[in-house]
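Peer 1: Be aware that the sequence shown starts at 994, since it is given in my numbering, and climbs by one per residue.
Ideal Cβ placement from N, Cα and C applies to all residues, glycine included.
Just so it is clear, the structure is predicted and the values come from calculations on it, not from any experiment.
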Amino acid sequence: MNFDHSATEEELRQRIQELLERGGLADPDFRHSGDTPQLRSSLLARFKRVGEAGYLSLGVDDGKNSPGLIAAREPLAAVAPSLFLAAEVSARLFGRLLSVYGRASQKGEILPDIKSGSLIGAVGLAETGMSVENNPFHTKGVAEGEGFRVSGSKAHVVNGPLADLIAVAGECDGGIAFFMVRSGTRGLSIGERLNTLGYNGVAISPLSLQGCFVPAASVIGPFPGTEAIRALRAWEDEILTAASLGLMRSAHEASVRYAKSHQSGGKPIIAFQEVGFKLAEMHTLLETARLLAFRAAWMADAAEREAPLLGRCAKVFCTEAAERLTSSALQILGQEGFKHSNPAEEGYRNAKYLQIAGTSSEISRMKIGDILLEGH
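Here it is as structure tokens:
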């Protein structure tokens, strides 16, 4: 087992760190539906910067995760969690879908703009809530002329109100296809942006399609079975696992800084045993989460048989550890932590999303149990 980063991954990590040190990538607070045009403009500007650094390209062409990719993701997820989530959905969900399953003509036309950050992508999967587990697709594409008429709805689409292209999953010719619908297509209706607990710099919305015509050249698939859906779910869970590490890192660092600088009884509060114990537990959680995320990424990169099992374990542990760690950070920061827009408060709100998005903690545990019952 080798957690070393490739030269390309290490160079990328350093470029991202330098970008973050120069500033200007931190999330602005766009909470309301009326902020959507400004959010898109801000997002595209920051996409361009991380795209120029190569962040939006790594791991897209082969669809593989790796410890080096996890390491490159963590600092961005720590400093700009909303930018991280939006960029990952565009590049390593939509972009990977296109790269791994799309046709050469589709890749040549769209992927360069995804990797450069000049185009925003989204993927529409779930039709009720956030999960596609055990829920058949009611979205369907019916062949018509040189394309398909697509009707259906999706409940939860990250980047939905901002995206130039949305890959909408649905049934077609007895299989699963992804219909790439362009913004402004007749029959496409983007619902109001959801007012969410966390990730306030991310635009999430439902959408509906009423007889949208999608040219055959803009369809990925159809595919028999559920392999493509399973791959998308695994990629999404990898994104959320990496997001957890970023939240934990940011909240832990803020807690250490505060504990060293804030005084009580004439000495810094880090000198109090209870605070020191909390910080020690937080550090242990963060390092354990990193190791599990790295191991799951290494197994996915090496196509090990147990990779799906470890991926689910990492998703459960890391996302739940993020809530525990950010809660402890709030306790250490006290009044400062309870104020709006600090790493602990923001991380605590964001952490809950990570547990219910993708494959939820409950379903992940069920899947882990099923895998163990089957003997891996």
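If you follow the beta strand (DSSP E) that F1171 is in, where does it begin and where does it stop?
Peer 2: G1168 to R1175
Peer 1: Can you tell me which residues form a DSSP beta bridge with G1134?
Peer 2: V1143
Peer 1: Buried or exposed: which applies to N1188, given that a residue is buried once 16 or more other Cβ atoms fall within 10 Å of its Cβ?
Peer 2: exposed
Peer 1: Taking DSSP as the reference, what is the three-state secondary structure of G1114?
Peer 2: In the structure shown, G1114 sits in a strand (DSSP, three-state: E or B).
Peer 1: Taking the Cβ atom as the reference point for each residue, do V1135 and K1147 lie within a distance shorter than 8 Å?
Peer 2: no
Peer 1: Can you give the beta carbon distance from L1036 to L1155, rounded, assuming they're within the 8 Å contact cut?
Peer 2: 6 Å
Peer 1: Determine, using beta-carbon pairs with one atom in the stretch 1309-1323 and one in the stretch 1236-1256, whether at least three such pairs fall under 8 Å.
Peer 2: Enough Cβ pairs lie closer than 8 Å, so yes.
Peer 1: Is the distance from the Cβ of N1335 to the Cβ of A1247 below 8 Å?
Peer 2: yes
Peer 1: Is S1217 buried or exposed, if buried means 16 or more other CB atoms sit within 10 Å of its CB?
Peer 2: The residue you asked about is not Ser; residue 1217 is Pro in the sequence shown. Counting Cβ neighbours within 10 Å, P1217 comes out exposed, since fewer than 16 surround it.
Peer 1: Between the Cα of A1350 and those of G1191, K1108 and F1130, spot the shortest distance and give me the residue it belongs to.
Peer 2: G1191
Peer 1: From this set, R1033, D1028 and A1064, which residue's C-alpha is nearest S999's C-alpha?
Peer 2: A1064
Peer 1: If we ignore side chains and look at the alpha-carbon of each, how far apart do E1231 and A1209 end up?
Peer 2: 30 Å
Peer 1: DSSP state of A1000, grouped into three classes?
Peer 2: helix
Peer 1: On the three-pair Cβ rule with 8 Å, is the stretch 1055-1070 touching the stretch 1005-1017?
Peer 2: yes
Peer 1: Can you name the start and end residues of the beta strand (DSSP E) that I1349 belongs to?
Peer 2: First-last for I1349: P1336 to I1349, but that is the alpha helix (DSSP H), not the beta strand (DSSP E).
Peer 1: Would you mind working out which of R1250, Q1256 and A1038 sits nearest A1322, comparing C-alpha positions?
Peer 2: R1250
Peer 1: Got a sec? Which residues, its chain only, sit under 6 Å from A1071 by beta carbon, not counting five neighbours each side?
Peer 2: G1239, R1242 and S1243
Peer 1: Is the stretch 1090-1102 in contact with the stretch 1212-1226, if contact means three or more CB pairs nearer than 8 Å?
Peer 2: yes
Peer 1: For R1179, which option in N1193, F1206 and G1047 has the closest C-alpha, if you only look at C-alpha atoms?
Peer 2: F1206
Peer 1: Specify whether the stretch 1280-1291 and the stretch 1106-1120 touch according to this definition: at least 3 beta carbon pairs, one from each stretch, less than 8 Å apart.
Peer 2: no
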